[in-house]
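Q:
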Ligand code: HEC
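Numbering (this note's numbering), first residue to last: 1 to 441.
Below you can see the structure in the form of structure tokens.
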């Protein structure tokens, strides 16, 4: 079997610790809001932090931002905001629609706050960023619109987690070409923290975050529509029903939150060449058994029977989940065994984040590759999300207080020839890029 060099990632020992980016000491005495900070807020924060969206405050004008300067510094330096919890020290670092700040931008924000968060010259202020109309379908007119039942959110109280179901009117199996969530009305947008749609069996009924079914799409502010690449699609089976897993957040007034899912289908007689799958893989092999006050690790393995392009990694655990990694074990006969850790992510059960790999970074794996999912649970008092560090916790029947450990993995099957072709094309592109960079020096 020939050597397969894939995503060009680095092997670095795993240290499940919270990311603590240290901003470089930027001189920064003249960093200003209007010139340096606004572009960062526009690109990485305002999709959620603006009027009518779900983040707690708007970060658009100087007057709105100034009172939050200290808190912004803390969250940005800790890489908690924007919420993308991938470990920046391990594996693939290129993702679609990545709002993350670079180390330089983090240093700018820190320097700006340390210097008293000055406004700067109003003439430097760029025009306000315009956002697409949240009430419009950005994927074109859908063939199917699923309207989930209203989810009543009281004015006050804890965040709410659960699921609602809706029938799926579909006579034959079809393929999805594009898909979008659309919260109905401003109120819905403000209370829906995030939501995920699944196609599940008719007899499923649980109030639990999804433990089964076919994952279709995640909703979070600023990330609501997805058009699949040319000649590709996602299978939508007839005879299923739809499920929306939700995380709702009270905002001071009672709101009936309503979510719609719009789907554009490929024509009836078309089977796209590339079909994207999305399944729970790497289920823990041994029981989850977490004595009070301990951190435990669980491992799960799934073999890919066909070659594949892996497009998405989404860790799934519950409150005690802290950190998860995706490792590839290649089917080589050589020793030592060829393995590669392609992604690790810190985990926070408030954020069900899907890491969609950038096209040119998505792992290409040969048939027979084993996906190894490594999950850490933290039942100590040091875990802020731990409801009770004095309790034993295990995997149970799927109550929220029981734990889980697997990853939702999105992928396209490839034939062996397609795999070889894609790999060769990628190597050629990399070589070209390498030459171009060398040429500039
Ligand atoms: C995907 C949506 C989203 C994006 C993007 C986002 N935030 Fe947030 N932010 C939230 C939500 C929701 C909360 C409240 C829950 C929490 O604290 O996690 C929050 C909380 C915060 C807080 C704490 C507020 C408090 O009550 O103390 C700060 C500060 C913050 N965000 C700053 C930022 C900055 C700066 C950026 C961009 C660099 C950003 N956020 C990007 C959704 C977002």
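For glycine and all other residues, C-beta sits at the position ideal for the given N, C-alpha and C.
Grab the span of the beta strand (DSSP E) containing residue 409 for me, first residue to last.
A: 406–414 is the extent of the beta strand (DSSP E) around residue 409.
Q: Who are the Cβ neighbours of residue 442 in its own chain at under 7 angstroms, not counting the five residues just before and after it?
A: This structure leaves residue 442 out entirely; the chain is present only between 1 and 441.
Q: Going by the DSSP bridge assignment, what does residue 448 pair with across the sheet?
A: The structure shown does not extend to residue 448, since the chain is modelled only from 1 through 441, so no value can be given for it.
Q: Would you mind sorting residue 177 into buried or exposed? The rule is 16 or more other CB atoms within 10 Å of its CB.
A: Per the 10 Å Cβ criterion, buried.
Q: Near residue 320, what residues of its chain come up, given a Cβ to Cβ distance below 8 angstroms and the 5 sequence neighbours on each side ignored?
A: If we look at residue 320 and ignore the five residues flanking it on each side, its Cβ neighbours are 290, 377, 378, 379, 383, 385, 386, 393 and 403.
Q: Can you find the residues in the same chain that come closer than 8 angstroms, C-beta to C-beta, to residue 412, ignoring five residues on each side of it along the sequence?
A: 232, 274, 275, 276, 277, 308, 309 and 311.
Q: Looking at the strands, I want to know which residues DSSP matches up with residue 487.
A: Residue 487 is absent from the structure shown; the chain starts at 1 and stops at 441.
Q: Return the Cβ separation of residue 266 and residue 329 in integer angstroms, given the expectation that the two are a contact with Cβ distance under 8 angstroms.
A: 35 angstroms between Cβ atoms; not a contact.
Q: Residue 69 and residue 117 look like a contact to me (Cβ under 8 angstroms); what is the Cβ gap, rounded to whole Å?
A: That pair is a contact at about 4 angstroms.
Q: Give the secondary structure of residue 237 by DSSP, where H, G and I count as helix, E and B as strand, and everything else as coil.
A: Coil, per DSSP.
Q: Determine whether the beta carbon atoms of residue 189 and residue 293 lie at a separation below 7 angstroms.
A: No, these two residues do not count as a Cβ contact at 7 angstroms.
Q: So, is residue 433 buried or exposed, given that buried needs 16 or more other C-beta atoms within 10 angstroms?
A: So residue 433 ends up on the exposed side.
Q: Please list the terminal residues of the continuous alpha helix (DSSP H) segment that includes residue 104.
A: Segment 103–114, the alpha helix (DSSP H) holding residue 104.
Q: Considering only their Cβ atoms, is the gap separating residue 405 from residue 284 smaller than 7 angstroms?
A: Yes, the Cβ-Cβ distance between residue 284 and residue 405 is below 7 angstroms.
Q: When you compare only the Cα positions, how much space is there between residue 248 and residue 161?
A: Distance between the alpha carbons of residue 248 and residue 161: 6 angstroms.
Q: Does DSSP classify residue 68 as helix, strand or coil?
A: The answer is helix: DSSP assigns residue 68 an H, G or I state.
Q: For the beta strand (DSSP E) containing residue 375, name the first residue and the last one.
A: Note, residue 375: beta strand (DSSP E), 370–378.
Q: Does the segment 103–112 come close enough to the segment 142–155 that 3 or more CB-CB pairs lie under 8 angstroms?
A: With the cut-off at 8 angstroms, the segment 142–155 and the segment 103–112 do not touch.
Q: In angstroms, rounded to a whole number, what distance separates the CA positions of residue 24 and residue 48?
A: No answer about residue 24 holds up, because its pLDDT of 40 lies below 50 and its placement is not dependable.
Q: What residue does the alpha helix (DSSP H) around residue 185 start on, and which one ends it?
A: Unbroken alpha helix (DSSP H) run through residue 185: 185–191.
Q: Can you look up residue 131 in the DSSP assignment and give me helix, strand or coil?
A: It is coil, neither helix nor strand.
Q: Taking all protein chains shown into account, decide if residue 65 is buried (16 or more other Cβ within 10 angstroms of its Cβ) or exposed.
A: Residue 65 comes out buried.
Q: Return the CA-CA distance between residue 159 and residue 352, expressed in angstroms with no decimal places.
A: Near 14 angstroms, if we compare the C-alpha coordinates of residue 352 and residue 159.
Q: In the DSSP assignment, find the unbroken alpha helix (DSSP H) run with residue 334 in it and report its ends.
A: Where residue 334 is concerned, there is no enclosing alpha helix (DSSP H), given that its DSSP letter is neither H nor E.
Q: Distance, Cα to Cα, residue 153 vs residue 338?
A: Cα to Cα, the separation comes out at about 50 angstroms.
Q: Expressed to the nearest angstrom, what Euclidean distance is found between the alpha-carbon atoms of residue 349 and residue 72?
A: One C-alpha to the other measures close to 21 angstroms.
Q: Quick one: grab the DSSP three-state call for residue 79.
A: Residue state, collapsed to three classes: coil.
Q: How is residue 157 classed by DSSP in three states: helix, strand or coil?
A: DSSP places residue 157 in coil when its eight states are reduced to three.
Q: Under 7 angstroms, do residue 157 and residue 250 count as touching if we go by C-beta distance?
A: Yes. Within cutoff.
Q: Mind checking who residue 260 pairs with in its DSSP beta bridge?
A: 147 and 182.
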